[in-house]
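Visitor: Numbering of the sequence shown is given in the numbering used here, commencing with residue 9 and proceeding in unit increments. Right, I'll just put the structure down here and ask away after.
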Amino acid sequence: MPTKPRIDFAGFHHIVNRGVNRTNVFNHPNDKDMFLQIINKSSKVHNIILHTYALMENHYHLLLETKEENLSSFMRIVNANYAIYFNRKYNRSGHLWQDRYKSKYVLSDNYLYTVIKYIEYNPLEANISSKISSYPFTLSYNIFKGLKYYPCCENSILLKDFDIKTLSDFLNNPLNDKEIELLSEKENIEKKKNKINVLKIKTLNEHFKDVDSKEQRNNSIFNSFYDGYTQVEIGNYLNLSKSSISKILKSGDSTPGVKKLC
Numbered sequence: 009m010p011t012k013p014r015i016d017f018a019g020f021h022h023i024v025n026r027g028v029n030r031t032n033v034f035n036h037p038n039d040k041d042m043f044l045q046i047i048n049k050s051s052k053v054h055n056i057i058l059h060t061y062a063l064m065e066n067h068y069h070l071l072l073e074t075k076e077e078n079l080s081s082f083m084r085i086v087n088a089n090y091a092i093y094f095n096r097k098y099n100r101s102g103h104l105w106q107d108r109y110k111s112k113y114v115l116s117d118n119y120l121y122t123v124i125k126y127i128e129y130n131p132l133e134a135n136i137s138s139k140i141s142s143y144p145f146t147l148s149y150n151i152f153k154g155l156k157y158y159p160c161c162e163n164s165i166l167l168k169d170f171d172i173k174t175l176s177d178f179l180n181n182p183l184n185d186k187e188i189e190l191l192s193e194k195e196n197i198e199k200k201k202n203k204i205n206v207l208k209i210k211t212l213n214e215h216f217k218d219v220d221s222k223e224q225r226n227n228s229i230f231n232s233f234y235d236g237y238t239q240v241e242i243g244n245y246l247n248l249s250k251s252s253i254s255k256i257l258k259s260g261d262s263t264p265g266v267k268k269l270c
C-alpha cells in the first residue's frame, strides 16, 4: 500500500504520534524535556510555532503553525532525533514510533480553538491529571504556574489571545456537544481520506463535471483534495499552480460555513 501523503502547506496542524505497539516513548520527565528541546531547536530552523502540546507516556499531541511547506521535514527531524536519544538512553534498537505521525489540517477558527481545548484536556481524559492545567507537560501548566516556556511557544495563541482569567475560563469550560461533534466530523473526514487514498472513488473529470462558477470550482477542489488527490494533481488538471490550490484550500472559500483563518 502506498504511503499516505501528508498535508504539508502552511497553516495550523494538529499532530499526533504514538509509540510502536503503544509502548511508552517517555519513561521519565527528562525525556519529555528533551523532546521539547528538540522541537524548540528545530522550530528555529523551520520557522514553526508550537501553540500548545500534551506529552503523555506513550503518545503526544502538538498544535503547530507552519509558515512554509515544511511540516514533513520538521517532523522527520524531531521524531528521528528523539528516537536516537531514546534508543541510546535505554539501550534499545528498532522503531520507536508507530507511524511517521498523523496530522489534521485546521481549516477554521472554530476547529482551531476546539483542538486547543481537546489537547489540553488529554491528561484529564487519560486520568493522569485531576484538573485542567495541572499536568506539567502542557503549555497551560507553565502559563498558570508562571514558569518559563520554550521560545517556540512565545507566539502561542494561549499567550497572545488570552489573559490568565480568560484562558482559565476557556479551558475550564469542558468540551460541549457542538465542539465534540466538530471533532467527530473532522475524524470522519480523515477516515474517509485514508480509505479513498487506496482507491479513489471519483475521477477528476467527475469531480469537475458541470462546474460553471468559481464557487463550484473551489468546492470541487476541496472535495477532490479530501478524496485523496494531491494539490499538484488538482492543479495540473485545472491548469493552476500548486500555490493557487493551496491558497484556495486555506481560504475556506471552498467550504460553506467555514471561517477563513487569518
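Where a beta carbon is used, it is the ideal one built from N, C-alpha and C, also for glycine. Nothing here was measured: the structure is a model prediction, and the numbers come from that model.
Identify which residue in I136, D220, Y109, L179 has its Cα closest to the Cα of Y126.
Guide: L179
Visitor: For G102, which three-state DSSP category applies?
Guide: coil
Visitor: In terms of residues, what are the limits of the alpha helix (DSSP H) holding E65?
Guide: No alpha helix (DSSP H) contains E65, which DSSP labels as neither H nor E.
Visitor: What distance in whole Å lies between the Cβ atoms of I56 and F82, which are believed to be in contact at a cut-off of 8 Å?
Guide: 6 Å
Visitor: With burial defined as no fewer than 16 other Cβ atoms inside 10 Å of the residue's Cβ, what is the status of K199: buried or exposed?
Guide: Residue confidence is low: K199 scores 43 on pLDDT, short of 50, so the model does not pin down where it sits. Its coordinate-derived value is still stated next. Answer is exposed; the Cβ neighbour count stays below 16.
Visitor: Look up L115 in the DSSP assignment and say whether it is helix, strand or coil.
Guide: coil
Visitor: Report, in whole angstroms, the separation of the C-beta atoms of C160 and I47, which I expect to be a contact under 8 Å.
Guide: The C-beta separation of C160 from I47 comes to about 6 Å, placing the pair in contact by the 8 Å criterion.
Visitor: Considering only residues of the same chain and omitting the five flanking positions on each side of V240, which have a CB-CB separation below 7 Å?
Guide: K250
Visitor: Only counting runs of 4 or more residues, tell me where the alpha helix (DSSP H) segments fall wholly within the stretch 15-93, in order along the chain.
Guide: 37-54
Visitor: With DSSP as the reference, label K156 as helix, strand or coil.
Guide: coil
Visitor: Restricting to Cα atoms, I'd like to know which of I23, S138, D220, T122 is closest to T74.
Guide: I23
Visitor: Can you check whether the C-beta of K222 is within less than 8 Å of a C-beta belonging to chain C?
Guide: Note that chain C does not occur in the displayed structure, where there is just one protein chain.
Visitor: Determine the burial state of R30: buried for a count of at least 16 other Cβ atoms within 10 Å of its Cβ, exposed for fewer.
Guide: exposed
Visitor: If I measure Cβ to Cβ from K156 and keep anything under 8 Å in the same chain, skipping five residues before and after, which residues do I get?
Guide: N150
Visitor: DSSP three-state label for T146, please.
Guide: strand
Visitor: Would you identify the three-state DSSP class for K139, choosing helix, strand or coil?
Guide: coil
Visitor: Within the continuous alpha helix (DSSP H) that includes F178, where are the two ends?
Guide: 172-179
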